[in-house]
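Report on the structure given below.
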Amino acid sequence: ASFYGSGSGPGDSMTLRRSQSSPTVMNKHFETSSYWTTDGYRVLAIASEPQDKNCLYCYPASWNAQGPAVVWKISGQRGADMYFMPATDLSEGISALWNLSGPPAVPPRYAF
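Its first residue numbered 1, the sequence shown is counted upward by one per residue in my numbering.
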């Protein structure tokens, strides 16, 4: 399977496919705890902790594709919520994610 939609940074911004994600938010780099796969689903993990206690710009829910399996690492005491959404293509995956979380807000006119 191939994995898409987990974010990127300067070193990998020209590559859409991913094999892992360690969610972080930095000036030129963003990764998320979500992906769409050619196996026909989108998944989103929400950890109980707002950030990794050892890294304030790191989110404590990462994943790594290992052969046919996807291994998740979730930090924190209370676990995580996992949302699996059927999606035959990337567009359906985005729609499923927006149905769950709401679409992104349009920036105010002055931002343009």
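We put the beta carbon where it would ideally sit given N, CA and C, even for glycine.
Residue i burial status per 10 Å Cβ neighbour count (16 or more: buried)
i      : result
Ala87  : buried
Ser13  : exposed
Tyr110 : exposed
Ser96  : One point to set straight first is that residue 96 is Ala, not Ser, in the sequence displayed. The residue is buried, with at least 16 neighbouring Cβ atoms inside 10 Å.
Tyr59  : buried
Trp63  : buried
Asp39  : exposed
Beta-carbon spacing of residue i, residue j below 8 Å
i     : j      : result
Trp36 : Leu100 : no
Pro61 : Pro23  : Per the sequence shown, residue 61 should be read as Ala rather than Pro. In contact: Ala61 and Pro23 (Cβ atoms closer than 8 Å).
Phe3  : Ala69  : no
Glu49 : Ser33  : no
Val25 : Tyr57  : yes
Arg42 : Met85  : yes
Selected residue, minimal CA-CA separation from residue i, among the options
i     : options                     : result
Pro10 : Trp72, Pro108, Asn27        : Asn27
His29 : Gln20, Ser8, Cys58, Tyr57   : Ser8
Ser21 : Thr38, Leu44, Gly40         : Leu44
Ile46 : Arg18, Pro107, Trp72, Leu16 : Trp72
Glu31 : Ser6, Met82, Gly102, Glu92  : Ser6
Any C-beta of chain C under 8 Å from that of residue i
i     : result
Ala61 : Given the protein chain composition of this structure (a single chain), no chain C is represented.
Which residues DSSP lists as bridging residue i, in chain order
i     : result
Arg42 : Trp36, Met85
Pro26 : At residue 26 the sequence reads Met, which differs from the Pro that was named. DSSP, once it has assigned bridges, lists His29 as partnering Met26.
- Task: Enumerate, from N- to C-terminal direction, the unbroken beta strand (DSSP E) stretches of 3 or more residues contained entirely within the stretch 54–107.
- Result: 61–66, 69–74, 80–86
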